[in-house]
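Chains as they are written, first to last, in my numbering: chain A, 1 to 328; chain B, 1001 to 1328. The next block holds one structure in the form of structure tokens; read it before the comments.
2 protein chains.
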Amino acid sequence: MTVSDRPPTLADIARDAGVSVSTASRVLAGTGYASPAARGRVTAAADRLGYVPDVAARALARGSGVRLVVLAAGASAAVLDDPYVDRVVGAAARVCAPLGMGVALNWLPSRNPGDLRRLAADRGVGGVVLLNATARVLDAVPTALRGRVVSIGIGSPQVPSVDVDNAGGTEAVVGHLYATGRRRIAMVTGPHWMPCSGRSVTAYRRMMREAGLPARTVSGDFTARRGRVAAREVLTRWPDVDAVVGISDATALGVIDRLRGDGVQVPGDVAVTGFDDIPLAAMTTPALTTATHPVAEIATAAATAALAGGRVGPLTTFPSRLVRRVSA
Amino acid sequence: MTVSDRPPTLADIARDAGVSVSTASRVLAGTGYASPAARGRVTAAADRLGYVPDVAARALARGSGVRLVVLAAGASAAVLDDPYVDRVVGAAARVCAPLGMGVALNWLPSRNPGDLRRLAADRGVGGVVLLNATARVLDAVPTALRGRVVSIGIGSPQVPSVDVDNAGGTEAVVGHLYATGRRRIAMVTGPHWMPCSGRSVTAYRRMMREAGLPARTVSGDFTARRGRVAAREVLTRWPDVDAVVGISDATALGVIDRLRGDGVQVPGDVAVTGFDDIPLAAMTTPALTTATHPVAEIATAAATAALAGGRVGPLTTFPSRLVRRVSA
DNA sequence: TTGTATGCGTTATCAC
DNA sequence: GTGATAACGCATACAA
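See the structure below:
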């Protein structure tokens, strides 16, 4: 076996297999006709020589892209610092690998989604995964990008979306609280303009209404810091509270920290729940009762759909299930 | 301004600017001569038409790659599930974005690093960032990849590396423990075959020796679960222990959890420290005293070096500084 | 079913 | 300084 210094090309394979490049191309690309005999000789030659298709050349010829762009919308580039973004990128990078593609990460200013035009003009973009999109951002998606962009979170008629079932998860959590005897249940929400937060809040309100209980919400922002402040506010406004639903695990952790600091027993006096089931939710004291958020699965689905050309339903939802631990 | 349905190519720009494609290419690629006049007309035409270079075509012509591959070595593909990997990929994706490139994530079986040959034959690979590499893996790096691969962690004569200053961080932590009066200091280590763990352990042993104190180590594996077990072991073997150094924050958190469960006050009876300064280290009770681990900076440096062609010193080290909180 | 020829968008070589 | 022109590696009408 001769090891050349230069990676083998399709021409090398064709020559070695005794066929034309077009035939080799057909069998290796899995498109078009080829006799079993030819097919066999080509594949044999390919893996004997260690052939790896050149993605660049292939993309150039086919007009396809070479990378998936993860676009995190937000007020500032700081949105990229959210660990959640990294998890999405990580999952996307895994679906890209076998395709010879890669993932790029960009910030998209919510106020000025004009950068989308630039993406549309970039032939290297094989797909786009939108994060934290708003209606404004969704409307700014150029026609040229249609079918190649998928949003995680809110969607639109033009942009399919995939997300966790926030409503279902919230129902599971609130239902658990109710089932365990809690009746004065407050919620620390997320920013009102975030859809994922909105769905949870709506589900909470609906359940409370159906149970004939008053809805008590305090606005937060997904952070533990804000959770602490919110806890104090809840205690002040409703001293008789016996449960707090956090919009996220971080929020819940902040709430718990403040509550205990104020001498309130958790879950003795007040039960607290989170949402996301982050790794550390299991390690805190008390361990956090929460609902799952399969970020990797969601991101994988989004990336796959974006690269597949968007032939996907308008909304794909992943279930969230209750994780019962100690805090509630 | 006419908006064509097809993204503009270099030919379009050249025509619009009244020059040849060669000239347009030179000024846009920033290589070669061009008169100020021509340069001006070309750049003007380019951003008037919203020109974006086709990375695939460029890569094909230049022979450069289209993506950066993050390769996480390990016994099983489960290594990819470590949040640390996602952080590296996220940072790498950010450095790739402005270059029109992307990041792919792959698992590299430590036992069988043969997949490296395949990467070497792949023209799409512009660079490789190695994670959790071992000497065996490093030795398997093909010559063809030299200069395009950078390792985060251990390095070799052929493969430059970049990492946090484990020794320095450990010294800072142990020094703090000593300065605050602790004398019976135990350490929960990582797997002995992991270099980053080794450097911390070595630093710990050296400091203990220099202080005339006995080194007391228990092996762990970076996880909280193992930290719990290790805490029990420490307590059993050295009932008089007054401090435990965790190899990681997760480990330390596990240690603390077990200690408190056993009625040991932290930091009253036993001080506990971690390493990494993960986001939640600040939120636990008690808040964790630890040392920083600038993963994003490290990954950014590694990705940049890998894509730049590896002209970088054999070892770049990022400082780790003490973060003093409550647990020690 | 197979092969020939052409195009994909850029860069680089080399005359001018 | 500038402009033709030949690669770069692959896919695909189209002809055979």
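Each residue gets a CB set at the ideal place from its N, CA and C atoms; glycine is no exception. Here the structure is a predicted model, which is why all the values come from computation and not from measurement.
Grouping DSSP H, G and I as helix and E and B as strand, with all else coil, what is residue i?
| i | result |
| --- | --- |
| residue 5/A | coil |
| residue 177/A | helix |
| residue 1247/B | coil |
| residue 1187/B | strand |
| residue 216/A | strand |
| residue 1236/B | helix |
| residue 278/A | coil |
| residue 1197/B | helix |
| residue 1221/B | coil |
| residue 264/A | coil |
| residue 256/A | helix |
| residue 1122/B | coil |
| residue 1112/B | coil |
| residue 271/A | strand |
| residue 67/A | strand |
| residue 1152/B | strand |
| residue 1102/B | strand |
| residue 86/A | helix |
| residue 169/A | helix |
| residue 54/A | coil |
| residue 1072/B | strand |
| residue 1163/B | strand |
| residue 1032/B | coil |
| residue 291/A | strand |
Around the Cβ of residue i, are there at least 16 other Cβ atoms within 10 angstroms (buried) or fewer (exposed)?
| i | result |
| --- | --- |
| residue 1107/B | buried |
| residue 1259/B | buried |
| residue 1001/B | Legend: pLDDT at residue 1001/B = 46, less than 50; position of this residue unreliable, value from coordinates given subsequently. The residue in question, residue 1001/B, is exposed, as its Cβ has fewer than 16 Cβ neighbours within 10 Å. |
| residue 124/A | buried |
| residue 239/A | exposed |
| residue 308/A | exposed |
| residue 328/A | buried |
| residue 171/A | buried |
Do you know how far the Cα of residue j is from the Cα of residue i?
| i | j | result |
| --- | --- | --- |
| residue 294/A | residue 244/A | 23 Å |
| residue 144/A | residue 1005/B | 8 Å |
| residue 1088/B | residue 1072/B | 10 Å |
| residue 40/A | residue 139/A | 50 Å |
| residue 1112/B | residue 265/A | 53 Å |
| residue 1325/B | residue 267/A | 26 Å |
| residue 1051/B | residue 1095/B | 21 Å |
| residue 1154/B | residue 1115/B | 19 Å |
| residue 82/A | residue 1076/B | 27 Å |
| residue 248/A | residue 165/A | 14 Å |
| residue 135/A | residue 151/A | 11 Å |
| residue 1086/B | residue 1261/B | 32 Å |
| residue 233/A | residue 214/A | 17 Å |
| residue 1224/B | residue 1092/B | 27 Å |
| residue 1251/B | residue 1162/B | 24 Å |
| residue 228/A | residue 1242/B | 32 Å |
| residue 159/A | residue 1298/B | 36 Å |
| residue 313/A | residue 1195/B | 47 Å |
Can you list the residues of chain A that residue i reaches, using a CB-CB cut of under 8 Å?
| i | result |
| --- | --- |
| residue 1146/B | In chain order: nothing, as chain A lies at least about 13 Å away. |
| residue 1292/B | Going along chain A, no residue has its Cβ under 8 Å from residue 1292/B, so there is no contact; the nearest lies around 15 Å. |
| residue 1090/B | 80, 85, 86, 89, 90, 105 |
| residue 1322/B | What residue 1322/B touches in chain A: nothing, since even the nearest Cβ is about 22 Å away. |
Can you pull the chain A residues whose beta carbon is under 9 Å from the beta carbon of residue i, in chain order?
| i | result |
| --- | --- |
| residue 1007/B | 120, 121, 122, 123, 144 |
| residue 1236/B | Those within 9 Å of residue 1236/B in chain A number zero; the least Cβ separation is about 22 Å. |
Which chain B residues are close to residue i, counting only those with a beta carbon under 7 Å from its beta carbon?
| i | result |
| --- | --- |
| residue 106/A | 1097 |
Closer than 7 Å by beta-carbon distance: list the chain A residues that pair up with residue i, in chain order.
| i | result |
| --- | --- |
| residue 1087/B | 86 |
| residue 1055/B | 66, 124 |
| residue 1194/B | The premise fails here: residue 1194/B is roughly 20 Å from chain A at the closest Cβ pair, so nothing lies under 7 Å. |
| residue 1273/B | Per Cβ cutoff of 7 Å: no residues; residue 1273/B is ~17 Å from chain A at best. |
| residue 1059/B | 56 |
| residue 1333/B | With chain B covering 1001 to 1328 only, the question about residue 1333/B has no answer from this structure. |
Determine the chain B residues that contact residue i at a beta-carbon separation under 8 Å, and present them in chain order.
| i | result |
| --- | --- |
| residue 83/A | 1083, 1086, 1087, 1279 |
| residue 70/A | 1093 |
Going along chain B in order, which residues have a C-beta closer than 9 Å to the C-beta of residue i?
| i | result |
| --- | --- |
| residue 117/A | 1050 |
Q: Could you say if the segment 299-310 of chain A and the segment 270-281 of chain A meet the contact criterion of at least three C-beta pairs nearer than 8 Å?
A: no
**Q.** the segment 107-123 of chain A in contact with the segment 1128-1148 of chain B per 3-pair CB rule at 8 Å
**A.** no
**Q.** the segment 249-259 of chain A / the segment 217-227 of chain A touching (three or more Cβ pairs under 8 Å)
**A.** yes
Q.
When you compare the segment 140-157 of chain A with the segment 169-176 of chain A, are there three or more beta-carbon pairs, one atom per stretch, that lie closer than 8 Å?
A. no
Q | Segment contact, 8 Å Cβ cut-off, at least three pairs: the segment 1282-1294 of chain B with the segment 1306-1321 of chain B | A | yes
Q: Inspect the CB distances between the segment 1007-1015 of chain B and the segment 179-188 of chain A and report whether three or more fall short of 8 Å.
A: no
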